[in-house]
Amino acid sequence: MQTRTLGARDVSAIGLGAMPLSIEGRPDPEQAIRTIHAAIDAGVTLIDTADAYHLHAGEVGHNERLIAQGLATYRGDPSDVLIATKGGHLRPGDGSWTLNGSPQHLREACEASLKALGVEAIGLYQFHRPDPKVPYAESIGAMKELRDAGKVRLVGISNANVEQIRLSVDILGGVGATGLASVQNELSPAFRSSEDELALCADLGVAILPWSPLGGIGSAAHLGERYAAFAEVAAGHDVSPQRVCLAWLLAKAPVVIPIPGSSRPETIRDSALAVDLELSPAELAKLDATR
Ligand SMILES: NC(=O)c1ccc[n+]([C@@H]2O[C@H](COP(=O)([O-])OP(=O)(O)OC[C@H]3O[C@@H](n4cnc5c(N)ncnc54)[C@H](OP(=O)(O)O)[C@@H]3O)[C@@H](O)[C@H]2O)c1
């Protein structure tokens, strides 16, 4: 498995997005654990989660506990797997997603995530989404304090614009292991508006983790039907359009680390193979031009 740099760590160039294991349409726990094990078997060493990846009220940390269980029951040594979790989003249990970016909430959420993951320090802690009710600098200041206190090894942000990335770099003290380690934004054939943030991350040397890289849970299976160019390039290589999509994102910059979601071993195995798919400049141009 090819690796890319995230903060001080080398991680697999494709991560596992674990959200589908815990939200609407989630599989039974046995299948969820098999999916996590299949990801690690395929060489995946980055798993993305969040305290808010759950369905019902009172289940905060469902996805984090699943991952902890997946690592604990893995037959090999999973110690090189970086778990990336997030705080600042909440799910009250009625299907909605709410925000709380206050420093006090982030401190409490971090403590709960430490417990759910069963670790002394979180590998990568990401501020999930800006909260319009809280100045961004206050939320990021709280993330810095958590890192300075040793509760968090690396700090990332998510759903951030160019200005918020620059502000985070200032507050966190630079980029990488002792600054801003990663940015997680939506980026897929359907959603191109994070391209400015991608360019800035490439410039700064900050890892960028495209979320919903295949278009999201409801759309991912239909990627090839929605975008003929991805289906055509896929047919030429005898691979899935989803694998082509991930290879296309990987080719955008060496800082890109897509985190496709999976609820089945088959899909994460297929996605992990995107690191070995080389697309020609003409193919990449054709995919870039697809709207
Ligand atoms: N920061 C944020 O605000 C934010 C928001 C949304 C998501 N995320 C993160 O990003 C991750 C990915 O996003 P997502 O799960 O919403 O959407 P996605 O990755 O675009 O799509 C996930 C779906 O793709 C299918 N899939 C994956 N690999 C495939 C393959 N090789 N061939 C065919 N189908 C494939 C999976 O099917 P099966 O279920 O059948 O396996 C899954 O249902 C999430 O899991 C989460 O960790 C972050």
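When we follow our numbering, the leftmost residue of the sequence shown carries the number -15, and every step to the right adds one.
We treat Cβ as the ideally placed atom computed from N, Cα and C, and that holds for glycine.
A quick note: this is a predicted structure, and the numbers were derived from the prediction, not measured.
{"query": "Cβ-based neighbour list, residue 39, same chain, cut-off 8 angstroms, excluding 5 preceding and 5 following", "result": "6, 7, 8, 10, 46, 75 and 77"}
{"query": "Span of the beta strand (DSSP E), counted from its first residue to its last, around residue 194", "result": "191 to 195"}
{"query": "Chain-order list of residues whose beta-carbon lies under 7 angstroms from that of residue 163 (same chain, five-residue window excluded)", "result": "153, 156 and 157"}
{"query": "For residue 19, the first and last residue of its enclosing beta strand (DSSP E)", "result": "Where residue 19 is concerned, there is no enclosing beta strand (DSSP E), although the alpha helix (DSSP H) it sits in stretches over 13 to 25."}
{"query": "Sufficient close CB pairs (3 or more, under 8 angstroms) joining the segment 111 to 123 to the segment 84 to 93", "result": "yes"}
{"query": "Short Cβ contact (9 angstroms threshold) for residue 233 with residue 151", "result": "no"}
{"query": "Near ligand 1: residue 251 beta-carbon under 8 angstroms from a heavy atom", "result": "yes"}
{"query": "Between the CA atoms of residue 12 and residue 71 - distance to the nearest angstrom", "result": "25 angstroms"}
{"query": "Coil, strand or helix - residue 149 by DSSP", "result": "helix"}
{"query": "Per-residue burial, residue 57 [other beta carbons within 10 Å of its own, 16 or more giving buried]", "result": "exposed"}
{"query": "Run of the beta strand (DSSP E) containing residue -12, from where it starts to where it stops", "result": "-13 to -10"}
{"query": "Spatial distance of residue 160 from residue 132 (CA atoms)", "result": "15 angstroms"}
{"query": "Stretch-stretch touch, CB-based, cutoff 8 angstroms, three pairs: the segment 166 to 180 with the segment 194 to 201", "result": "yes"}
{"query": "Outcome for residue -5 when other beta-carbon atoms lying within 10 angstroms are tallied against a minimum of 16", "result": "buried"}
{"query": "Limits of the unbroken beta strand (DSSP E) element including residue 170", "result": "164 to 170"}
{"query": "Whole-number beta carbon distance between residue 181 and residue 149, since they are thought to touch under 8 angstroms", "result": "6 angstroms"}
{"query": "Neighbour-count burial assignment, residue 206, 16 or more Cβ in a 10 Å radius", "result": "exposed"}
{"query": "Residue range of the unbroken beta strand (DSSP E) whose run includes residue 108", "result": "106 to 111"}
{"query": "Under the three-state DSSP convention, the category residue 80 falls into", "result": "coil"}
{"query": "Which of helix, strand or coil DSSP assigns to residue 260", "result": "helix"}
{"query": "Three-way DSSP call (helix, strand, coil) for residue 70 in this model", "result": "strand"}
{"query": "Assigned secondary structure, residue 160 (DSSP; H/G/I helix, E/B strand, else coil)", "result": "helix"}
{"query": "Contact belief for residue 238 with residue -7 at Cβ below 8 angstroms, rounded distance in angstroms", "result": "Not really, about 15 angstroms apart at Cβ, beyond 8 angstroms."}
{"query": "Alpha helix (DSSP H) segment containing residue 210, residue limits", "result": "207 to 210"}
{"query": "Contact check, residue 138 vs residue 97, beta carbons under 9 angstroms", "result": "no"}
{"query": "Identity of the residues DSSP links to residue 272 by a beta bridge", "result": "Per DSSP, none; premise fails for residue 272."}
{"query": "Beta-bridge pairing of residue -4 - partner residues as DSSP gives them", "result": "-13"}
{"query": "Inter-residue spacing [alpha-carbon to alpha-carbon] between residue 64 and residue 146", "result": "31 angstroms"}
{"query": "Any non-hydrogen atom of ligand 1 within 8 angstroms of residue 195 CB", "result": "yes"}
{"query": "Through-space distance from residue 263 to residue 223, alpha-carbon basis", "result": "12 angstroms"}
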